[in-house]
Amino acid sequence: MNRAPAPAERRLRLLSCNILAGASVQRYSEYVTRSLNAVLPGRSKIDNLDRLAALLPQFDVIGLQEADAGSLRSGFLNQTRYLAETAGMPYWSHQPNRPVAKLSHTANGLISRIEPSAVIDYPLPGRLRGRGALLARFGADRDALAVMVAHLSLSAPSRARQLGFIAEVLQDHPHAVLMGDLNTDIESVEMRHLFAHTRLQPPTRPTPTFPSWKPKRALDHILASPSVALEKVWTLPQAFSDHLALAAEIRLPASDTPRHGDRR
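Each residue of the sequence shown is one higher than the one before, counting from 72 in my numbering.
Printed below as a string of structure tokens:
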């Protein structure tokens, strides 16, 4: 008796990008010399976002950190929405975290060509409030792919608490991806704790992303559980902020593959 052929495996392309609210930094001194530009809107920020938007259609799921949710520094523009609509991507969501009067409003963002079955906001613990993780689920029940976008604190004790919380959330998801600016190297104590308490796997070779003009440290990560094969990881050659954007191609078994949504 002839057996029906097994469904083909599918690949998805992911992108994680700290966009620094659209600002471009090309050397350490510009944190000081361009400090005023960081809190004021400008055409250069829109141009920078447009350059990034032109590349987004290459990817299926995009996670943003340090996107502005609509404040003075962005000209009251929701940058996640702007990037999604400019790129022609049908689904987007954002998680505003740190409003500073009306000057800035930092957010995590999610852009996708696949319709999520659920999107959940999680405030992260820490000494200072204002960090969060955005969890998107694609598919249903135990077969769902869970993608979490996070931007962690600069202090190691706060990161340890945040990664402990993330580990508790992701341990319920057999097919999981964590991506974002985690602000730590892969060998740190808090990252080792994450790997010990989740199915997430450390990369075989960390990819430096910071600073974007001469990357030496791997602070941005795309981590996956064993059922989600991480086939390829690379950085985009263009510098859209002080971090390089980190890209990955993952392979999913056909039963766990979310369907691509139609453009709206």
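A virtual CB, placed ideally from N, CA and C, is assigned to each residue, including glycine.
- If only uninterrupted alpha helix (DSSP H) runs of at least 4 residues are considered, those enclosed by the segment 216-264 are 227-241.
- By the 16-neighbour rule on beta-carbons within 10 angstroms, G159 is exposed.
- Under a 10 Å Cβ-count criterion, W163 is classified as buried, with 16 or more other Cβ atoms of the shown protein chains found around its own Cβ.
- Looking only at A92, F130, A247, the smallest Cα-Cα distance to S183 is reached by F130.
- A310 has its alpha-carbon roughly 31 Å from the corresponding atom of L241.
- The way I'd put it, the segment 221-231 does touch the segment 258-278; three or more beta-carbon pairs between them come closer than 8 Å.
- Residue nearest to S298 within the set A189, Q272, L205 is Q272 (criterion: CA-CA distance).
- Spatial neighbours of R84 in its own chain (CB-CB distance under 6 Å, excluding positions within 5 residues in sequence) are listed in chain order as F130, D131, E320.
- Within the same chain, and ignoring the five residues on either side of W305 in sequence, the residues whose Cβ sits closer than 6 Å to its Cβ are A318.
- G134 sits in a strand when the DSSP states are folded into three classes.
- In this structure E239 is exposed. Its beta-carbon is surrounded by fewer than 16 other beta-carbon atoms within 10 angstroms.
- In the DSSP annotation of this structure, the continuous segment of the beta strand (DSSP E) that includes R82 starts and ends at 81-89.
- Apart from the 5 residues on each side of it in sequence, P282 sits with its Cβ closer than 6 Å to the Cβ of D313 in its chain, given in chain order.
- Contact annotation: I133 and C88 have beta-carbon atoms nearer than 8 Å.
- Annotation for A155: the continuous alpha helix (DSSP H) segment containing it runs 150-158.
- G197 carries a coil assignment under DSSP once its states are collapsed to helix, strand and coil.
- Following the DSSP letters along the chain, one finds D214 in no beta strand (DSSP E), marked with neither H nor E.
- Residue burial annotation: T275 is exposed, with fewer than 16 other C-beta atoms found within 10 angstroms of its C-beta.
- Counting every other CB atom within 10 Å of its CB across the protein chains shown gives D243 a total below 16, marking it as exposed.
- Annotated as distal: G203 and R232, with beta-carbon spacing of 8 Å or more.
- In the DSSP annotation of this structure, the continuous segment of the beta strand (DSSP E) that includes V304 starts and ends at 300-306.
- In the structure shown, the three-state DSSP call for R122 is helix.
- Partner residues in the beta bridge of W163, as assigned by DSSP, are I182.
- Taking the Cα positions, P167 is about 9 Å away from G180.
- Of the candidates T278, A295, L294, the residue whose Cα lies closest to the Cα of R288 is T278.
- By DSSP's assignment, Q272 forms a beta bridge with A295.
- Cβ atoms of I237 and L199 stay farther apart than 8 Å, at about 17 Å.
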